[in-house]
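Student: Line by line, the protein sequences are chains P and X.
Going by my numbering, the first residue of the first sequence is number 403, and it counts up by one from there.
Going by my numbering, the first residue of the second sequence is number 2, and it counts up by one from there.
Can you read through this structure? Questions will come right after.
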Amino acid sequence: MPDNWRRSLLRPTISQVVVAVLLCGLAFAMVVQINDKDNDDYSNVRGDDLVELLKSLDAANERLGTQIDELTATRNGLLNSTKLSEQAEKQAKQRAEQLAILAGTSGATGPGVEVVISDPGKDIDASALLDAIETLRDAGAEAIAINGVARVVAQTYFLDDADEIRVGGREIKRPYRIEAIGDASVLSGAVRFPGGLINEIKTRGGTATVTEKQKVTITALADVKTPEYARPSS
Amino acid sequence: MIPVIGLAIGIVAGLVLKPTVPTDLQPYLPIAIVAALDAVIGALRALGERRFNDRVFVVSFISNVVIAAFMVYLGDQLGVGSQLSTGVVVVLGIRIFANAAAIRRRIFHA
């Protein structure tokens with residue numbers, strides 16, 4: 403066989419050459435075509451196909467446009483709701499702070515007065531002290547503490563216990579120092595006016611002094627009890 | 002042997018020269034290549050069966066290429082270019098498979 407090949411190489415017949423030329427052309431065309439496919443343009447796509455391609459691209463474009471609109475709407479909705487919930491959270495936080503001060507579960511600071519009731523004759527009883535607190539409350543005191551230990555809130559009770567007074571279960575020593583946060587001048591006015599707290603204490607045999615303060619800080623906290631029977635009705 | 006050398010020269014020429022296909026020829030070249038492949042596979046089968054004839058190969062090669070290109074051209078003119086070229090490719094593909102099957106049976110007896 404190799405002999406045969408060599409002979410044919412040396413003296414090729416015309417038909418062999420023609421076949422070789424044809425195969426050469428085929429190989430050339432294949433390589434060219436394959437290379438041509440690599441540069442992926444649309445120059446070898448027929449007109450009809452191009453129209454179809456264009457149509458499908460248009461359709462895809464439209465679909466994506468609709469999708470963009472929908473997603474934008476969703477995003478805007480989410481942004482809005484985020485803003486709303488932020489606002490709600492802010493309000494809730496504010497409300498919680500207000501309620502915490504009201505319920506006495508957090509400390510409070512602000513302008514106010516300090517009323518000191520000295521009672522050498524031990525004539526001041528729980529009801530007199532409660533009257534004093536009520537006076538301050540009427541004048542708009544927002545947070546009240548007695549002797550820095552007993553925070554006065556809605557549930558706080560006043561009790562005569564032997565020589566002492568118990569406020570919300572805590573024993574209060576003399577002299578009684580009532581701190582109240584609120585409008586200082588209004589509070590002191592309410593304490594001082596004729597027939598007011600100071601006069602009342604004096605008739606009972608004690609003395610009361612009131613000082614307006616730029617800053618009163620109440621750190622005493624009330625004992626919070628979880629309601630056992632009451633439930634929110636709303 | 003010489004045809005194999007021709008094949009190699011064609012591949013090398015294509016790789017080296019890197020010509021681009023003329024726009025006018027672009028629809029016809031792929032079909033023409035498939036048609037030529039059909040002729041070549043047929044020739045291989047004939048070679049295996051020891052009844053290869055140069056003249057038959059040359060004529061079938063050229064006529065295959067020309068007819069395939071002409072059909073695509075005709076299809077383009079009639080507005081069914083893509084369908085007709087698909088049809089031509091299918092028919093040529095079937096022929097190529099049939100010839101390849103014959104070669105396979107001869108070589109592997111399977």
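Glycine residues also receive a C-beta, built at the ideal position from the N, C-alpha and C atoms.
Does any residue of chain X have a CB that is nearer than 8 Å to the CB of glycine 427(P)?
Tutor: yes
Student: In or out: leucine 30(X) buried (at least 16 other Cβ within 10 Å) or exposed?
Tutor: With 16 or more other Cβ atoms within 10 Å, it is buried.
Student: Mind checking isoleucine 436(P): buried by the 16 CB within 10 Å criterion, or exposed?
Tutor: exposed
Student: With 8 Å set as the bound, which would you pick, yes or no: does the beta-carbon of serine 343(P) sit closer than that to a beta-carbon of chain X?
Tutor: The shown model of chain P, from 403 to 636, leaves out residue 343(P), and the question about it has no answer.
Student: Would you mind working out which of Val92(X), Asn65(X), Val73(X) and Ile10(X) sits nearest leucine 26(X), comparing C-alpha positions?
Tutor: Val73(X)
Student: Check distances from the C-beta atoms of the region 55 to 88 of chain X to those of chain P and list, in chain order, the residues that come in under 8 Å.
Tutor: Asp55, Arg56, Phe58, Val59, Phe62, Ile63, Asp77, Gly80, Gly82 and Ser83
Student: How about leucine 424(P) and valine 59(X): do their beta carbons lie closer than 8 Å?
Tutor: Taking 8 Å as the Cβ cut-off, leucine 424(P) and valine 59(X) qualify as a contacting pair.
Student: Taking a contact to mean a Cβ-Cβ separation below 8 Å, would you say glycine 88(X) touches proline 28(X) in this structure?
Tutor: no
Student: Just to check my reading of the structure: isoleucine 567(P) and aspartate 527(P) have Cβ atoms closer than 8 Å, yes? What is that Cβ distance to the nearest angstrom?
Tutor: 7 Å
Student: Given that leucine 8(X) touches chain P, what residues does it touch there, using C-beta distances under 7 Å?
Tutor: Leu425, Cys426 and Ala429
Student: Taking 8 Å as the CB-CB cut-off, is alanine 101(X) touching chain P?
Tutor: no
Student: Who are the neighbours of alanine 47(X) on chain P, taking C-beta pairs under 8 Å?
Tutor: Under the 8 Å cutoff, chain P gives no residues; its nearest Cβ is about 12 Å from alanine 47(X).
Student: Out of curiosity, what's the CA-to-CA distance linking aspartate 77(X) and isoleucine 6(X)?
Tutor: 36 Å
Student: Under 8 Å, do leucine 428(P) and isoleucine 34(X) count as touching if we go by C-beta distance?
Tutor: Pairing leucine 428(P) with isoleucine 34(X) gives a Cβ-Cβ distance under 8 Å.
Student: If you count every other CB in all the chains shown that lies within 10 Å of the CB of glycine 608(P), and 16 or more means buried, which is it?
Tutor: buried
Student: Under 7 Å between beta-carbons, which chain X residues line up against valine 453(P)? List them in chain order, please.
Tutor: Within chain X, no residue comes near valine 453(P); the closest Cβ sits about 12 Å away, beyond 7 Å.
Student: Please classify alanine 102(X) as buried or exposed, where buried requires at least 16 other C-beta atoms within 10 Å of its C-beta.
Tutor: exposed
Student: For leucine 30(X), which residues in chain C fall below 7 Å Cβ to Cβ?
Tutor: The structure shown contains no chain C; its protein chains are P and X.
Student: Flag aspartate 438(P) as yes if its beta-carbon sits less than 8 Å from any beta-carbon of chain X, otherwise no.
Tutor: yes
Student: Which chain X residues sit within Cβ distance under 7 Å of alanine 422(P)?
Tutor: Correct list: Ile3, Pro4, Ile6 and Gly7.
Student: Helix, strand or coil for arginine 553(P) per DSSP?
Tutor: Annotated three-state conformation of arginine 553(P) is strand, per DSSP.
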